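Below is one structure; the comments refer to it alone.
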């Protein structure tokens with residue numbers, strides 16, 4: 001039974017992943033050949049697909065590293081992920097989350113592990129279907145997006161999961177250094193600005209809460225609106241760290257969405273406002289500013305470190321500038337944040353109310369977002 005192996009002509013914007021360029025044969029991913037030539041039913045008989053020829057949609061592909069497919073077989077849908085590196089730790093995490101009740105068909109959840117092959121380094125999980133938080137913000141539902149992200153963090157912090165490598169301050173500084181180096185290699189001025197931010201982060205001490213499970217790359221596109229709660233995918237970078245790791249990265253990706261087009265800036269701000277309101281008693285705001293800055297540096301160098309891009313994105317300079325503002329806020333707050341959390345919250349909000357957005361007509365220019373309306377917004 002051979003699968004229908006094609007890229008769709010049109011990917012719905014509410015789909016869980018963006019389409020990727022058509023794949024060629026990849027010797028680093030032997031599971032790809034198996035999936036093409038043998039089919040999912042033969043590779044994983046426990047799925048009981050029978051004689052139904054599945055349709056395959058390529059969702060994400062990083063040559064020499066990993067690939068992700070959506071599989072449709074009749075009325076059933078799966079996610080199939082294949083890797084170069086051993087995914088056994090991710091498999092272990094899915095099993096742990098299932099035992100903790102975070103892989104059910106309702107409420108906050110992660111994908112449920114359905115099958116895996118350790119030799120082929122291939123995983124099959126349940127499919128989470130719904131709009132991403134990134135899509136919600138772009139469609140005018142920023143408050144809903146901020147609410148979903150906050151809900152996930154509250155659920156995650158209520159469970160104790162002692163799996164994964166360290167993902168705290170040391171790891172974030174390492175990633176910030178890589179980002180600054182990647183930016184320096186393509187733009188000396190931008191690289192110098194990024195290095196200055198990284199230096200402030202190195203010099204600023206933060207008080208970290210007890211480590212627990214963190215996603216590691218909690219981008220807005222990794223969080224789904226499942227109707228009755230949030231769903232979170234792509235757990236490859238999970239580990240142990242304070243909750244501010246995920247909060248800072250989420251806010252960094254929302255900042256980037258707002259910077260890319262002025263029409264979305266206000267909804268991005270709304271998403272951040274609601275997120276901060278609903279996590280006020282969960283997050284250390286000093287640490288949040290620090291990790292927010294680190295996340296912005298990480299996103300500014302997106303694609304450069306892996307070689308997928310040869311020059312910075314149009315919003316890289318604005319991302320580094322915002323990272324500098326949050327790093328300075330963390331530096332100022334390091335001695336008094338715990339005593340004056342409300343003052344720190346006001347400072348954080350003042351930063352993203354001043355955030356600039358790229359002018360879509362002139363990507364090299366920036367424009368200030370329109371002032372916030374006092375009217376109601378639909379969640």
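In our numbering, the protein residues as written are 1 to 379.
Using N, Cα and C, we set each Cβ at its ideal position, and we do this for glycine too.
The structure displayed is predicted, hence computed values, not measured ones.
Boundaries cannot be given for residue 306, as no alpha helix (DSSP H) includes it and DSSP labels it neither H nor E. By alpha-carbon distance to residue 314, the top candidate from 183, 219, 206 is 183. By the Cβ rule, the stretch 241-259 does not count as touching the stretch 97-116, because fewer than three pairs are nearer than 8 Å. Residue 56 is a Cβ neighbour of residue 71, given a cutoff of 8 Å. With contacts defined as CB atoms closer than 8 Å, residue 108 and residue 175 fail to qualify as a contacting pair. Residue 141 counts as buried, since no fewer than 16 other beta carbons sit within 10 angstroms of its beta carbon. For residue 93, no beta strand (DSSP E) encloses it; the enclosing alpha helix (DSSP H) starts and ends at 88-99. The alpha-carbon of residue 191 is positioned some 9 Å away from that of residue 320. Per the Cβ contact rule, the stretch 198-211 is in contact with the stretch 163-178 (3 or more Cβ pairs under 8 Å). In the DSSP assignment, no residue is bridged to residue 228. Residue 188 counts as exposed, since fewer than 16 other C-beta atoms from the protein chains shown sit within 10 angstroms of its C-beta.
Here residue 170 is exposed: its Cβ has fewer than 16 other Cβ atoms, across all protein chains shown, within 10 Å. Here the alpha carbon of residue 26 sits roughly 40 Å from the alpha carbon of residue 324.
Counting along the chain, the unbroken alpha helix (DSSP H) around residue 174 starts and ends at 169-186. Less than 8 Å divides the Cβ of residue 137 from the Cβ of residue 220. By the 16-neighbour rule on beta-carbons within 10 angstroms, residue 88 is exposed.
Comparing alpha-carbon positions, the option among 172, 139, 106, 328 lying closest to residue 265 turns out to be 139. In this chain, the alpha helix (DSSP H) harbouring residue 276 covers 262-278. Here the alpha carbon of residue 186 sits roughly 17 Å from the alpha carbon of residue 197. Residue pairing by DSSP places residue 240 opposite 166, 213 in a beta bridge.
Boundaries of the beta strand (DSSP E) harbouring residue 116: 113-117, taken from the DSSP string. Residue environment: residue 268 is assigned as buried (16 or more neighbouring CB atoms within 10 Å of its CB, all protein chains considered).
Going by beta carbons, residue 201 and residue 226 fall outside the 8 Å limit. In the DSSP assignment, the residues bridged to residue 79 are 70, 125. The alpha-carbon of residue 237 is positioned some 16 Å away from that of residue 121. The beta-carbon separation of residue 242 and residue 287, rounded to 6 Å, stays under the 8 Å limit for a contact. Around the CB of residue 162, fewer than 16 other CB atoms lie within 10 Å, so the residue is classed as exposed.
The C-beta separation of residue 82 from residue 31 comes to about 4 Å, placing the pair in contact by the 8 Å criterion.
Taken atom to atom, the span from the alpha-carbon of residue 42 to that of residue 131 is near 32 Å. Judged by beta-carbon spacing, residue 149 lies within the 8 Å limit of residue 275, meaning their Cβ atoms are closer than that value. Burial is judged here by how many other beta carbons sit within 10 angstroms of a residue's own beta carbon; residue 277 has fewer than 16 and is exposed. Considering only 37, 144, 125, the residue with the shortest C-alpha distance to residue 47 is 125. Under the three-state reduction of DSSP output, residue 132 falls in the strand class.
Non-local beta-carbon contacts of residue 195 in its own chain, meaning distances under 6 Å to residues more than five positions away in sequence, involve 180 in chain order.
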